[in-house]
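Notes follow once the structure below has been shown.
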Amino acid sequence: MRLQDKVAIVTGAASGIGNEIVKTYYNEGAKIVIADLKGAEDAAKAIDSTGRRALGVTMDVTNEGQVDAGIAQAVKTFGQVDILVSNAGIQTVAPLDQFEFAKWKQLLAIHLDGAFLTTRACLRQMYKQGTGGCIIYMGSVHSKEASPLKAPYVTAKHGLIGLAKVVAKEGAKHGVRANVICPGFVRTPLVEKQIPEQAKELGISENDVIKNVMLKETVDGEFTTVEDVAAAALFFASFDSNALTGQSLVVSHGWFMQ
Ligand code: NAD
91 MRLQDKVAIV
101 TGAASGIGNE
111 IVKTYYNEGA
121 KIVIADLKGA
131 EDAAKAIDST
141 GRRALGVTMD
151 VTNEGQVDAG
161 IAQAVKTFGQ
171 VDILVSNAGI
181 QTVAPLDQFE
191 FAKWKQLLAI
201 HLDGAFLTTR
211 ACLRQMYKQG
221 TGGCIIYMGS
231 VHSKEASPLK
241 APYVTAKHGL
251 IGLAKVVAKE
261 GAKHGVRANV
271 ICPGFVRTPL
281 VEKQIPEQAK
291 ELGISENDVI
301 KNVMLKETVD
311 GEFTTVEDVA
321 AAALFFASFD
331 SNALTGQSLV
341 VSHGWFMQ
């Protein structure tokens with residue numbers, strides 16, 4: 091039980107990677123808060139139908155009022171916040187010269203405004219508690235590398251590394267650590283949606299998108315799994331010292347090597 095009685099808030103946790111992280115944290119003894127646009131309450135009930143150690147909070151991470159109210163609800167329910175995983179995200183693909191400004195702004199808002207607003211609300215609580223804390227950002231190999239068609243995503247994911255470094259510096263005296271996990275491709279709804287979209291944009295088959303675009307640079311042609319990413323999220327959450335802060339960890343079957 092590496093997270094006994096810790097309280098963890100994970101955004102975008104009704105689906106995919108975030109959902110696996112809350113399950114892993116729950117199994118390690120944490121009280122979990124699933125914050126999502128939709129499906130948060132059902133996802134919380136699916137993990138703990140008694141509601142004693144799981145809370146669903148409907149929240150748009152780009153909305154300041156909803157984020158502050160959601161974190162306040164989490165604190166009211168469980169008394170504290172020890173871990174934030176800023177994970178909510180979307181993907182939109184298009185060539186830069188055809189990218190709609192509204193879609194660019196929407197993606198940056200979810201990834202960056204969402205990370206900022208949830209970080210600020212949790213830091214205020216963590217500083218008040220005086221018991222330290224752990225903030226994890228869901229970056230991507232695209233925090234380190236670029237791919238065509240993904241301008242706002244690559245921009246936002248690089249930006250999260252900057253944010254984590256500032257949180258690491260400001261948070262240190264309060265015992266708050268911040269790190270970034272950078273997964274390769276994981277077969278979640280976010281990626282399933284991209285396969286036909288990329289096939290269309292690039293004029294190749296869906297199988298070629300998987301083999302020759304998504305997994306081409308990996309060491310073994312394999313997708314990263316939600317379990318792989320959740321294991322990294324558990325490692326960061328249970329590493330209880332400022333020795334490991336301001337870092338980014340790539341979990342990608344060797345697609346990107348530091
Ligand atoms: P997913 O689509 O399965 O889950 C994303 C969740 O975020 C959804 O439940 C969605 O409702 C929620 N969300 C979207 N906008 C939101 C908003 N404004 N407010 C609150 N919640 C919102 O996707 P996933 O693959 O699990 O992605 C999770 C994170 O992992 C994202 O940040 C993504 O960029 C990152 N990531 C994914 C991959 C991959 O290959 N799947 C790789 C690297 C990084």
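So the sequence shown is numbered by this note's numbering: it starts at 91 and just counts up by one. All C-beta atoms in this analysis are idealised placements derived from N, C-alpha and C, irrespective of residue type, glycine included. None of the values given here were measured: they were computed from a predicted structure.
Cβ-Cβ distance between residue i and residue j below 7 Å
i, j, result
"Val183", "Leu127", "no"
"Met149", "Gly141", "no"
"Leu202", "Gly249", "yes"
"Ala120", "Val147", "no"
"Val341", "Asp318", "yes"
"Ser139", "Pro279", "no"
"Leu197", "Glu154", "no"
"Asn177", "Gly252", "no"
"Cys212", "Val171", "yes"
"Gly335", "Arg267", "It is Thr, not Gly, that sits at residue 335 in the sequence shown. Yes, the pair counts as a contact, with Cβ atoms nearer than the cut-off."
Nearest-angstrom Cα separation, counted from residue j out to residue i
i, j, result
"Val97", "Met216", "11 Å"
"Gly311", "Val281", "16 Å"
"Pro273", "Gln284", "16 Å"
"Lys135", "Arg143", "10 Å"
"Lys101", "Glu190", "First, the residue type needs correcting, since residue 101 is Thr and not Lys in the sequence shown. Thr101 and Glu190: Cα-Cα distance of roughly 26 Å."
"Leu145", "Thr209", "19 Å"
Any non-hydrogen atom of the ligand NAD within 6 Å of residue i CB
i, result
"Met228", "yes"
"Gly179", "yes"
"Leu339", "no"
"Pro242", "no"
"Thr152", "yes"
"Leu305", "no"
"Val276", "yes"
"Ser105", "yes"
"Leu145", "no"
What ranges does the beta strand (DSSP E) occupy inside the region 195-259, keeping only unbroken runs of at least 3 residues that lie completely in it?
Counting whole runs of 3 or more residues, the region 195-259 contains the beta strand (DSSP E) stretches 223-228.
Three or more beta-carbon pairs under 8 Å between the region 220-233 and the region 324-339, yes or no?
Verdict: yes, contact present.
Runs of beta strand (DSSP E) lying entirely within the region 113-195, each at least 3 residues, in chain order:
Listed in chain order, the complete beta strand (DSSP E) runs (minimum 3 residues) inside the region 113-195 are 121-126, 144-148, 173-176.
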